[in-house]
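Residues in the sequence shown are numbered from 24 upward in steps of one, following this note's numbering. Every residue, glycine too, gets a C-beta built ideally from N, C-alpha and C. Before any comments, here is the structure.
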Amino acid sequence: MELTVEIIKMAQSILNEKGLKAGLVDGIAGKSTINALNRVKEIPKSWTKEKKITALIQLYAKDRGIDPGKIDGLWGIRTLEAFNQLKHQLLFGFTENPWRPEEIIRPANPNNWPLQTINELNQFYGHASASGNRQITSMIFPYPMIIAWDEKVTVKRISCHKKVKDSISSALEKALDHYGIAAIKELRLHYFGGCFNYRPMRGGTMLSTHSWGIALDFDPMNNQLKWGRDKAKLAKPDYQKWWEIWESEGWVSLGRQRNYDWMHVQATKLIS
Ligand SMILES: [Zn+2]
């Protein structure tokens, strides 16, 4: 496969960190990058540069306690997953593995959400675009929300992808049934932090799932991007049912699966 600039840049950073002199971190796998790759003794010299770069990332993930599967130089789902976890570690400077999923035994996926890869997302949801690409529709919340960054503004109608509209309604109705409006307010589950928003991931170049209108944020002030379960409000036991409801609809919580971005829930399948 064709490796992205982001992947090549990570490889160059790793090589430089190892003192192997890959030169400029520019995302172009040129001569100095290839020479540096050839100095990594665990990687067969006969492999193509794509395989070498992939293997380097696999080795680096393994060193950091992230399981990339076999060190085979092939960019599969497990390598992608390891790459995403590495990105997170490098971005936020975690030294330990943030992968501490809650006990979700067999995640339900009744709506057949796709995997969170650009190809699968585009195939299932259509190509993301700033205009919404006619996939975006409006939906009405079962209870009124407050805009998290402007508490004076109440919102009942938002834009989301038409394929997730019914599932959002269903999850929020179940939450309202379970908690009642007073507890919803007490738990700040009516603080809305956004849904459809065409943009790259924070700190990354890959598109955020918000770009397809298939992700929602709640109470961002108390669940900031880099906060783990020790700090994030939505990680507290009171929210167990909230998350079970979303998970029963097949949605993924990055908080529950990755222990960051607890505000966020998205309609994609887990990469396992
Ligand atoms: Zn989000």
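How far does the beta strand (DSSP E) with Y148 in it reach, from first residue to last? That residue, Y148, is in no beta strand (DSSP E); its alpha helix (DSSP H) goes I141 to Y148.
Is Q289 near ligand 1, with its Cβ less than 8 Å from a heavy atom? yes
By the 10 Å Cβ neighbour count, where 16 or more other Cβ atoms means buried, how is P133 classified, buried or exposed? exposed
Alpha carbon to alpha carbon, what distance is there between D284 and W122? Residue placement at W122 cannot be trusted, given a pLDDT of 43 that sits under 50; what the coordinates show is reported in the next sentence. So the alpha carbons of these two residues sit roughly 13 Å apart.
Three or more beta-carbon pairs under 8 Å between the stretch 237 to 257 and the stretch 213 to 224, yes or no? yes
Under 8 Å: does the beta carbon of G216 sit that close to some heavy atom of ligand 1? yes
For the beta strand (DSSP E) that Y166 lies in, which residues bound it at each end? I159 to I170
Is the stretch 136 to 146 close to the stretch 172 to 181, with three or more CB pairs under 8 Å? no
Output yes or no for whether 9 Å exceeds the beta carbon distance between T77 and T56. no
Return the Cβ separation of N245 and R281 in integer angstroms, given the expectation that the two are a contact with Cβ distance under 8 Å. With 8 Å as the limit, N245 and R281 do not qualify as a contact, their Cβ atoms being about 18 Å apart.
Looking only at C-alpha atoms, which of V63, Q35, N39 and A59 sits nearest to G50? Q35
I want to check one thing, is the minimum distance from the CB of P240 to the heavy atoms of ligand 1 below 8 Å? In the sequence under discussion, the amino acid at residue 240 is Asp, which differs from the Pro named in the question. Yes, the Cβ of D240 comes within 8 Å of a heavy atom of ligand 1.
Please report the distance separating the alpha-carbon of E40 from that of D95. 22 Å
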